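A.B. asks: What follows is a structure written as structure tokens; I'll ask about it next.
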Amino acid sequence: MWNLVAGGVVVCGVAAAAVISGNEPAAQAGEKAAAAPAPVEPDMHEFMEYVFEPPYKRLKAAMASEPADRRGWKPVKAEGLALAESANLLLFRAPEEGGDDWKKFSIAVRNSGSELYKAARATDFEAATKHYRAMLVQCNACHTQFAGGEHQLKP
Numbered sequence: 001m002w003n004l005v006a007g008g009v010v011v012c013g014v015a016a017a018a019v020i021s022g023n024e025p026a027a028q029a030g031e032k033a034a035a036a037p038a039p040v041e042p043d044m045h046e047f048m049e050y051v052f053e054p055p056y057k058r059l060k061a062a063m064a065s066e067p068a069d070r071r072g073w074k075p076v077k078a079e080g081l082a083l084a085e086s087a088n089l090l091l092f093r094a095p096e097e098g099g100d101d102w103k104k105f106s107i108a109v110r111n112s113g114s115e116l117y118k119a120a121r122a123t124d125f126e127a128a129t130k131h132y133r134a135m136l137v138q139c140n141a142c143h144t145q146f147a148g149g150e151h152q153l154k155p
């Protein structure tokens, strides 16, 4: 009798494990899909207007002259970091046509923004200005290629 009960327990255990493990890849796939980047706003013009334009305008004002103190450097750091990190969002939004160029521009904006942020942390206005201008060159090159030359940014 014990062999019969033990055998039944083993069979039930194996069946349960098969059911659970069979569902596990589907559950994991669902979690991965939910964790993957997905655009909230599909229109690139809207995305740029509400994600990139506000920090650009604040950074432009903050970079108009050398900050005098920590309070003056704060928006340079904040907006430089925000723009650098936001450039990562562009990487998964590359268009089918010209996608490689899009990614190169996005990486260049991210890198220039990162260097701008580092220069601001060091309160180095000369370096911050250099990287700010380099970032805008990349933004404008991208706008030339993908927006017909519209939306050119000025330091």
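Per our numbering, the very first residue in the sequence shown carries number 1; after that it's consecutive. Each residue gets a CB set at the ideal place from its N, CA and C atoms; glycine is no exception. On a predicted model such as this, the values are computed, not experimentally measured, just so you know.
Could you spell out the range, first to last residue, of the alpha helix (DSSP H) harbouring residue 100?
C.D. replies: Per DSSP, residue 100 belongs to the alpha helix (DSSP H) from 99-121.
A.B. asks: Tell me the rounded alpha-carbon separation between residue 53 and residue 62.
C.D. replies: Their Cα atoms are separated by approximately 14 Å.
A.B. asks: The alpha helix (DSSP H) spanning residue 127 covers which residue range?
C.D. replies: From DSSP, the alpha helix (DSSP H) with residue 127 extends over 125-146.
A.B. asks: Distance, Cα to Cα, residue 20 vs residue 34?
C.D. replies: Since pLDDT at residue 20 reaches only 48, below the 50 mark, its modelled position is unreliable, and no value is offered.
A.B. asks: Give every residue of the same chain whose Cβ lies closer than 8 Å to the Cβ of residue 143, excluding the five residues on either side of it in the sequence, and list them in chain order.
C.D. replies: Correct list, in chain order: 149, 150, 151, 152, 153.
A.B. asks: Mapping the DSSP letters down to three states, classify residue 17 as helix, strand or coil.
C.D. replies: Bear in mind that the predicted position of residue 17 carries a pLDDT of just 49, short of 50, making it unreliable; the figure below should be weighed with that in mind. Looking at residue 17 - three-state DSSP - the assignment turns out to be helix.
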